[in-house]
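Residue numbers (this note's numbering), protein chains in the order written: chain Z, 5 to 356; chain P, 59 to 221.
Heads up, the beta-carbon is just placed ideally off N, CA and C, and yes, glycines get one too.
Have a look at the structure below, then the notes.
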Amino acid sequence: MTIDELTRTTGEWLRGVGNMSDVVVSSRIRLARNLADRPFLSTADGTERTEIYRILADAITSAPINGDAILVDMQEADPVDRELLVERHLISRQHAEGKGSRGVSFTSDETRAMMLNEEDHLRIQGLRCGLELEALWRDVNTLDDTLAERIAFAFDKRLGFLTACPTNVGTGIRVSVMLHLPALRLTKEIERVARAARDMHLAVRGMHGEGTEAIGDFYQLSNQTTLGKTEEQVIDAFSKAIIPKIVEYERTARDSLSSEGTAGVDDKIWRAYGTLANARSISSEETQTLLSPIRMGIHMGRFSLIDIPVLNELLLHTQPAHLQKLHGKTIDENERDFLRADYLRKRFAALS
Amino acid sequence: MSLLCERCQQAKATVHITDTIPKKRERHLCEDCAEKEGVIIKQPHPTSNEILQQFLKHKTGLGTIEDMTCSRCGMTFREFQTKGQLGCPHDYEAFEKVLMPLIERAHEGSTQHIGKVPATAGETIRKQSGLMRLRRELQDAVEQEDYEVAARVRDQIQTLESG
């Protein structure tokens, strides 16, 4: 498998199926691990950094359970490829823009990915569409066990897994669920939900995690506490309490939008369609924003020109790196907006 | 314009009280007069420098917090504060006294790991953590009045303790 082959699919996180997939886009579990007796990356020099990379790369490539994973050396990857991996949620933006010896290993189905030398020596990630945290945990836990047989992780009896940042110490687990909450935003209840989530010590962020805006009504919820709770307790809180509750709120809000008369909702959907299908120049952000009411319309049974898999393809293939991959060359931002509009017009024209 | 003390008519009134006995009335006093009337008890204020010195003596026993240095990686606590990231696993020990309160605040008051233990960490730790986790589960089960689970967890604890 190569990075180029990724562009043929929409990636795991946008497959559009799975538990509660009308609201839950994707689930992710990530574990932070560091080698024992090695400096963290903030003090490691170039040589140490390369050594850490080697040790991890050897362990990962020899692990029998990692399927068809490939290892990409980030220093050798070209900038568009790095950006593409961010758009597919396989690496963080920080990792794409980082410096020095670092890499990513991922399976072709994109459900498992490992970042080498990001903030911690190793970040093990499991990713699936819909609300699928239990299955993800089994996967990630097994990967972690297998690697622990090969390398000694920094661990302390009292503090658990030791991480570069003390906010991750303990289990080192970060559970994130990506939600699409257009109706809660339209009914102006989103702030209340976000506040309630924050009161429960959860972080509420935009699509690409830390410091990003909630573009396209995508909200990412993740735990912040990693000490004093077992991995199962953190996961249970999400899959049995928090997420089903928010999903219920969003569904109720969608119902109440319909019950107020459908003209308002339909107007939003069809105006969005009008722009997407006719614009001559459109940014990635505007595309994501306009695809939101269409996604909601499909789930509410009020829009049927396209289905969710096609919508997800439009969402992903109009993002900067995917668009450039599609054209097979580097394209500047201004020209991208024209080509993006072209692409969308053609896709929508083919439907009618 | 600030209000003058109604008793001495000289100093600024900084103590505001509402009496309800014998009847409701508002009173505005300066600190000295308030003390004379027994409304407040003045205490000598330690200077902020004194507080800081006490804190440092108590917390580190030597030097200042910022200059604490990890003997393994050479990182100072000041550097950690700037970068937000520690230098090596040993820093958790080197900066323990100042780091633990931060960790406690970041993790809803917890300072004890009860999650997964890696296979390499040794049998003793594994057993200890296993017990801790089971005791927590037992507590949860009892709280939720799930006595079937509670009985099972209790048996697991006994097996682990006797083993």
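Partners in chain P for residue i, counting only beta-carbon separations shorter than 8 Å
{"i": "Z/H205", "result": "E166"}
{"i": "Z/F242", "result": "Ordered by position in chain P, no residue passes the 8 Å Cβ test against Z/F242, which lies about 15 Å from the chain."}
{"i": "Z/E138", "result": "Simply none; closest approach about 15 Å."}
{"i": "Z/T175", "result": "H171, G173, K174"}
Bounding residues of the beta strand (DSSP E) (the contiguous stretch that carries residue i)
{"i": "P/D77", "result": "73 to 77"}
{"i": "Z/A158", "result": "Counting along the chain, Z/A158 falls outside any beta strand (DSSP E), and DSSP gives it neither H nor E."}
{"i": "Z/V367", "result": "Residue 367 of chain Z falls outside the range modelled here, since chain Z spans only 5 to 356, and no answer is possible."}
{"i": "Z/A117", "result": "116 to 120"}
{"i": "Z/V181", "result": "177 to 184"}
{"i": "Z/V208", "result": "206 to 209"}
{"i": "Z/L126", "result": "126 to 133"}
{"i": "Z/I74", "result": "74 to 77"}
Chain-ordered neighbours of residue i on chain Z, where CB pairs are closer than 7 Å
{"i": "P/M133", "result": "T47"}
{"i": "P/I123", "result": "Per Cβ cutoff of 7 Å: no residues; P/I123 is ~15 Å from chain Z at best."}
{"i": "P/R191", "result": "T234"}
Straight-line gap, residue i to residue j (C-alpha atoms, nearest Å)
{"i": "P/L114", "j": "P/I123", "result": "In this prediction, P/L114 scores a pLDDT of 48, lower than 50, which makes its location untrustworthy; the coordinate-derived value is nonetheless stated afterwards. So the alpha carbons of these two residues sit roughly 7 Å apart."}
{"i": "Z/K244", "j": "Z/Y223", "result": "19 Å"}
{"i": "P/A177", "j": "Z/R154", "result": "10 Å"}
{"i": "Z/G301", "j": "Z/Y253", "result": "17 Å"}
{"i": "P/L218", "j": "Z/L10", "result": "48 Å"}
{"i": "P/R212", "j": "Z/T229", "result": "27 Å"}
{"i": "P/C128", "j": "Z/R189", "result": "48 Å"}
{"i": "Z/N38", "j": "Z/G164", "result": "12 Å"}
{"i": "Z/R142", "j": "P/D125", "result": "44 Å"}
{"i": "P/D77", "j": "P/L62", "result": "18 Å"}
{"i": "Z/L18", "j": "P/Q214", "result": "42 Å"}
{"i": "Z/S96", "j": "P/R210", "result": "42 Å"}
{"i": "Z/F157", "j": "Z/Q129", "result": "16 Å"}
{"i": "Z/R275", "j": "Z/V28", "result": "25 Å"}
{"i": "Z/L183", "j": "P/F135", "result": "39 Å"}
{"i": "Z/A345", "j": "Z/R299", "result": "19 Å"}
6 Å Cβ shell around residue i - same chain, five flanking residues per side excluded
{"i": "Z/T54", "result": "S105"}
{"i": "P/C66", "result": "C91"}
{"i": "Z/S296", "result": "P186, G220, D221"}
Contacts of residue i in chain P (Cβ-Cβ under 9 Å)
{"i": "Z/N227", "result": "By Cβ distance, chain P contributes nothing, its closest Cβ being about 11 Å from Z/N227, past 9 Å."}
{"i": "Z/E317", "result": "Correct list: empty, because the minimum Cβ distance to chain P is about 38 Å."}
{"i": "Z/E101", "result": "Within 9 Å Cβ-Cβ: nothing; Z/E101 doesn't reach chain P, min ~17 Å."}
7 Å CB neighbourhood of residue i in its chain, flanking five on each side removed
{"i": "Z/R202", "result": "V208"}
{"i": "Z/T51", "result": "none"}
{"i": "Z/T167", "result": "A36, N38, D124, V173, G176"}
{"i": "Z/D26", "result": "H303"}
Three-state class that DSSP yields for residue i in the structure shown
{"i": "Z/T11", "result": "coil"}
{"i": "P/S129", "result": "coil"}
{"i": "Z/F342", "result": "helix"}
{"i": "Z/A36", "result": "strand"}
{"i": "Z/A218", "result": "coil"}
{"i": "Z/Q328", "result": "helix"}
{"i": "P/E84", "result": "strand"}
{"i": "Z/G102", "result": "coil"}
{"i": "P/L114", "result": "Residue confidence for P/L114 is low, a pLDDT of 48 falling below 50, so the modelled location carries little weight; the figure read from the coordinates is stated next. Looking at P/L114 - three-state DSSP - the assignment turns out to be helix."}
{"i": "Z/L294", "result": "helix"}
{"i": "Z/Q224", "result": "strand"}
{"i": "Z/T47", "result": "coil"}
Interface partners of residue i on chain P, CB under 7 Å
{"i": "Z/T54", "result": "The contacting residues do not exist; Z/T54 stays about 17 Å from chain P at best."}
{"i": "Z/L166", "result": "P147, Y150"}
{"i": "Z/D149", "result": "A177"}
{"i": "Z/N38", "result": "P147"}
{"i": "Z/P2", "result": "Outside the displayed range of chain Z (5 to 356) lies residue 2 of chain Z, so it cannot be described from this structure."}
{"i": "Z/A158", "result": "P147"}
8 Å CB neighbourhood of residue i in its chain, flanking five on each side removed
{"i": "Z/E337", "result": "P324"}
{"i": "P/R194", "result": "I172"}
{"i": "P/M158", "result": "T169"}
Listed by chain order, chain Z residues near residue i by CB distance under 9 Å
{"i": "P/T169", "result": "R162, L163, L231, G232"}
{"i": "P/L157", "result": "P170"}
Chain A within 8 Å of residue i, Cβ atoms only
{"i": "P/Q143", "result": "Absent here is chain A; the protein component of the structure consists of chains Z and P."}
Partners in chain Z for residue i, counting only beta-carbon separations shorter than 8 Å
{"i": "P/C63", "result": "Under the 8 Å cutoff, chain Z gives no residues; its nearest Cβ is about 44 Å from P/C63."}
Opening and closing residue of the alpha helix (DSSP H) in which residue i lies
{"i": "Z/G278", "result": "267 to 282"}
{"i": "Z/I312", "result": "312 to 321"}
{"i": "Z/S25", "result": "Neither: Z/S25 is in no alpha helix (DSSP H) and is coded neither H nor E."}
{"i": "Z/S109", "result": "That residue, Z/S109, is in no alpha helix (DSSP H); its beta strand (DSSP E) goes 107 to 110."}
Distance cut-off 7 Å: residue i Cβ against heavy atoms of the ligand HEM
{"i": "Z/G71", "result": "Ligands displayed in this structure: none; no statement on the ligand HEM is therefore possible."}
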